[in-house]
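Participant: One structure, as structure tokens, below. Some questions next.
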Amino acid sequence: MMAGVGGGNDFQWCFSQVKGAIDEDVAEADIISTVEFNYSGELLATGDKGGRVVIFQREQESKNRLLSRGEYNVYSTFQSHEPEFDYLKSLEIEEKINKIRWLPQQNAAHFLLSANDKTIKLWKISERDKRAEGYNLKDEDGRLQDQFRITTLRVPVLMPMDLMVEASPRRIFANAHTYHINSISVNSDYETYLSADDLRINLWHLEITDRSFNIVDIKPANMEELTEVITAAECHPHQCNVFVYSSSKGTIRLCDMRAAALCDRHSKFFEEPEDPSSRSFFSEIISSISDVKFSHSGRYMMTRDYLSVKVWDLNMENRPVETYQVHEYLRSKLCSLYENDCIFDKFECCWNGSDSAIMTGSYNNFFRMFDRNTRRDITLEASRENSKPRAILKPRKVCTGGKRKKDEISVDSLDFNKKILHTAWHPKENVIAVAATNNLYIFQDKMN
Amino acid sequence: MEYKVEAHRIMSISLGKIYNSRVQRGGIKLHKNLLVSLVLRSARQVYLSDYYSGACLNAQSEREGNEWDITDSEREKFPPSATECDRVESTEEPQPNEQPEKEREYRENDDEVKSDQVDCTSTLQEQNQNSSLDSVAKVSSETPPESITEPKESPSDSAVAERDSTPEANGESHQPPKPHVCSNRKRSAEESESGDSPQKRTKVASSNAKEDEEAEEMDTSNVSNLITIFGSSFSGLLSKESAKPEAEAEDSGQICCDQMLKNLNPWSTAIVAF
């Protein structure tokens, strides 16, 4: 029994829910492109290639179902971004949602930022469950009444109504990125946030849409000298002056905004020396970092490149403190993966609430979890076949060569179209959301 | 030799990806294309490294013997600059002033140069007669030293490349495919803030060059041609490689680099267009 990842030896992951169409034919617009829990974990947002955002809300715990906590049900759905056309450059701007980031909740409404390639929008999601009735000047249909008809005066009364969840765009942050936005990150001051594209990072104030500060610019004077691009960026969870950004060369730069207005010079530079023995045509591609995430503590950060996940101590720049191989068996297949474009897949990674475990996706709808304390790892699969309520997920294993044992899958049988790029871990509990193409799987631990 | 076949295959695939990226929805993905160009460069280095290492000394003598047997069309497929792009090591700063001069020299000496390199580019010269291409050449002279200094290597490399690739090129006569690719490239895919004017020049150049084309498929010799041209871009990448002597190529490389400039433009502007 491969258990223990995520907390304790008795730990096991169980299927909870799956959202999305069962149909084999996947509409491209339905492909999930980002998944994010809010700060409390009560809400779970997904963005898709069609520019839509779907927010799920967790039900209050039910007394009837002791073995599982509340389920996530659709709370709000709205069209965040539409396809646009840049007439000046004659290029189409995809509506695909690249990133969603929640703002901490400060009142009854919820706020999130959603970004496509060029534009970031601040959405307010608010509930309306009461309606004023008994207006003097309007009748029930809302039509203005003839003033001469009014003979009495009454005070409108708030009456309950069916819950309505409204999403409205409160800010639109546009025209600040020439290249494709790959990251947004809310700062710990809750007033500013950063957005990063391939060559630049901008700092915004949440209230101000007509301007932003450019804080990193790695565009060379001559584009022919371009050697690396920015692949991800994130604000430090506690220090509002610190942020990091990763590059396509496998390096991470930590910058301090107090040092200069333009943070082109890093404060810290994280890079692991390359292993010369593993050099190949594709060494550079697989070293490109696809995601960077600070731990909740702010002491560590995690980076994902094509084959591995690395945990870095912010105090040590010359190498990561931990390296986890996600699917090392793919190293010998890099050429085929290059041909079918899989080598360009950008996997994300995430921490659990206590920073004791990390999770990332792979192919064949597999996802991997690593326990940092016990050094145990587990491979699980998100599939409809294992989707009985509270069914325990069986660990999966990929056979790398030689005799294939029962229940193992050989590398050549892996389905590279079924990729898990986006995963999210509840900030406080052992609940995870895994996006498998157009389906969203939610798994919980068996305990509780 | 297997690795050469593999390298060549990877180069073809890479060029195909770059070509296809221009028609993808959402515009050119800078990151992906950068990575593809890295692979392309690595593969090309492997592909051509064999030519350089063993054949450097032999090529000089062989060139004179074999060169004249190769048809014009074949020769121009493998401009001498083929391996020069590999050799951009440390930089290039010493040479900034030389490049524009070399180019001017080339244009002046079009009819005078008798070396086989010029023969290799005979078809290019035809193109160059077109006035629109002069503007393209101007663009190349404007490109900074890094991109221009690449073609400084021994022409023997290209000669070897030609020799080895002859079997593939047999029976084919066609223009360098680069203009074809450029003209097919959707202008809409560009993202560059500053690339507009080079793009326009390229478009003019490519549309004129296209008239001269006969074959339009991306076959292996086209691939090789594209590789040499494309490899000259992203010179910043190349500059990080280990230093190899450039001096040995300087004198004979003069003409080569001028030809390289001609080849350089459509692709360099394509990259700049990012």
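Going down the list, the sequences are from chains A and B. If you number the first sequence the way the UniProt record's numbering does, the last residue is 448 and the count never jumps. If you number the second sequence the way the UniProt record's numbering does, the last residue is 274 and the count never jumps. Think of the CB as a built atom: it goes at the ideal place given N, C-alpha and C, for glycine as much as any other residue.
1) To the nearest angstrom, report how far apart Y19/B and D412/A are at their CA atoms.
2) Classify L88/A as buried or exposed, calling it buried when 16 or more other Cβ atoms lie within 10 Å of its own Cβ.
3) Could you give the residue range of the beta strand (DSSP E) that holds K118/A?
4) With a CB to CB cut of under 6 Å and the five nearest residues on each side skipped, what residues in its chain are close to W312/A?
5) Going by beta carbon distance, what residues of the same chain come within less than 7 Å of N365/A, once the five residues before and after it are set aside?
6) Using 8 Å as the cut-off, can you tell me whether the segment 328 to 338 of chain A makes contact with the segment 280 to 297 of chain A, which would need three or more C-beta pairs spanning the two stretches below that distance?
7) Taking the straight line between their C-alpha atoms, what separation do you get for G142/A and E71/A?
8) Between L48/B and chain A, is any beta-carbon pair separated by less than 8 Å?
9) Can you list the residues of chain B that L203/A reaches, using a CB-CB cut of under 8 Å?
10) Quick check: the segment 254 to 269 of chain A against the segment 207 to 221 of chain A, are at least 3 beta-carbon pairs closer than 8 Å?
11) Helix, strand or coil: which one does DSSP assign to N430/A?
12) Would you verify that the beta carbon of L38/B is, or is not, closer than 8 Å to some beta carbon of chain A?
13) For the beta strand (DSSP E) containing C235/A, list its first residue and its last residue.
14) Quick one, which of A132/A, I31/A, Q239/A, E234/A has its alpha-carbon nearest R52/A's?
15) Return the first residue and the last residue of the alpha helix (DSSP H) that H8/B is part of.
16) Starting from H422/A, find everything on chain B with Cβ-Cβ shorter than 7 Å and list it in chain order.
17) In this structure, does DSSP put H180/B in helix, strand or coil?
18) For D198/A, would you say it is in contact with chain B, using Cβ-to-Cβ distances shorter than 8 Å as the test?
19) Under the DSSP definition of a beta bridge, which residues are partnered with R128/A?
20) Taking 8 Å as the threshold (beta carbon to beta carbon), is residue 276/B in contact with chain A?
21) With a threshold of 16 other CB atoms inside 10 Å of the CB of M359/A, please say whether the residue is buried or exposed.
22) When DSSP labels each residue in this structure, what does A211/A get in the three-state scheme?
23) Leaving out the 5 sequence neighbours to the left and right, which residues in its chain are closer than 8 Å to S188/A when beta-carbon positions are compared?
24) Could you give the DSSP three-state label for F370/A: helix, strand or coil?
25) Can you tell me which of the three DSSP states V113/B falls into?
26) Got a sec, what are the start and stop residues for the alpha helix (DSSP H) C335/A sits in?
27) Any beta carbon from chain A within less than 8 Å of S21/B's own beta carbon?
28) Identify, in the order they occur along the chain, each residue of the same chain with its Cβ nearer than 6 Å to the Cβ of S197/B, setting aside the five sequence neighbours on each side.
29) Quick check: the segment 223 to 233 of chain A against the segment 147 to 163 of chain A, are at least 3 beta-carbon pairs closer than 8 Å?
30) What does DSSP give as the partner residue(s) for Q444/A in the beta ladder?
31) Counting only beta-carbon separations shorter than 8 Å, does T34/A have a partner in chain B?
32) For D445/A, tell me which candidate among V431/A, N438/A, R171/A has the shortest Cα-Cα distance.
33) When burial is assigned at 16 or more other CB atoms within 10 Å of the CB, is L122/A buried or exposed?
34) Whole angstroms are fine: how far does the CA of S80/A sit from the CA of S168/A?
35) Quick one: using the 10 Å Cβ neighbour count with 16 as the cut-off for buried, is V36/B buried or exposed?
36) Only counting the same chain, and skipping five residues up and downstream in sequence, which positions put a Cβ closer than 6 Å to that of H8/B?
Facilitator: Taking the coordinates as given:
1) Taking the straight line joining both Cα atoms gives about 29 Å.
2) Exposed: under 16 other Cβ atoms inside 10 Å.
3) For K118/A, there is no enclosing beta strand (DSSP E), as DSSP marks it with neither H nor E.
4) Counting only Cβ-Cβ distances below 6 Å, and skipping sequence neighbours, we find F270, M301, P320.
5) Closer than 7 Å at Cβ, skipping near neighbours: E381, A382, S383, K418, I420, A436.
6) Contact between the segment 328 to 338 of chain A and the segment 280 to 297 of chain A is present, because at least three Cβ pairs lie under 8 Å.
7) So the alpha carbons of these two residues sit roughly 38 Å apart.
8) No, its Cβ sits nowhere closer than 8 Å to a Cβ of chain A.
9) Chain B residues near L203/A: none, gap ~20 Å exceeds 8 Å.
10) The segment 207 to 221 of chain A makes contact with the segment 254 to 269 of chain A: 3 or more CB pairs, one atom from each, lie closer than 8 Å.
11) N430/A falls in the coil class under three-state DSSP.
12) Contact of L38/B with chain A is assigned, a C-beta pair being separated by under 8 Å.
13) Counting along the chain, the beta strand (DSSP E) containing C235/A begins and ends at 230 to 235.
14) Ranking the options by Cα distance to R52/A, first place goes to I31/A.
15) Here the alpha helix (DSSP H) through H8/B covers 2 to 21.
16) Residues of chain B whose Cβ lies closer than 7 Å to the Cβ of H422/A do not exist; the shortest such Cβ separation is about 18 Å.
17) In this predicted model, H180/B has a pLDDT of only 39, less than 50, meaning its place in the structure is not dependable; the value taken from the coordinates is given anyway. Residue state, collapsed to three classes: helix.
18) At least one chain B Cβ lies under 8 Å of D198/A.
19) Residue pairing by DSSP places R128/A opposite M164/A in a beta bridge.
20) Nothing can be reported for residue 276/B, as the shown portion of chain B is limited to 1 through 274.
21) M359/A comes out buried.
22) For the record, residue 211/A in the displayed sequence is Arg; it is not Ala. R211/A: strand per DSSP, three-state reduction.
23) Correct list, in chain order: C235, H236, P237, H238, Q239, C240.
24) The answer is strand: DSSP assigns F370/A an E or B state.
25) Below a pLDDT of 50, predicted positions are generally treated as unreliable, and V113/B, at 38, falls in that range; the measurement from the model is reported next regardless. Looking at V113/B - three-state DSSP - the assignment turns out to be coil, as it is neither helix nor strand.
26) Looking at the DSSP string, the run of the alpha helix (DSSP H) that includes C335/A is 334 to 339.
27) By this cut-off, S21/B is not an interface position.
28) Here the model assigns S197/B a pLDDT of 43, short of 50, so the residue's position is not dependable and the matter cannot be decided.
29) By the criterion of at least three beta-carbon pairs nearer than 8 Å, the segment 147 to 163 of chain A is not in contact with the segment 223 to 233 of chain A.
30) As a beta-bridge residue in DSSP terms, Q444/A pairs with C14/A, V431/A.
31) No, because no Cβ of chain B sits closer than 8 Å to the Cβ of T34/A.
32) With distances taken between Cα atoms, D445/A lies closest to V431/A.
33) When all chains shown are included, L122/A counts as buried.
34) A straight-line Cα-Cα distance of about 9 Å links S168/A and S80/A.
35) With 16 or more other Cβ atoms within 10 Å, it is buried.
36) Taken in chain order, the residues that qualify are Y47.
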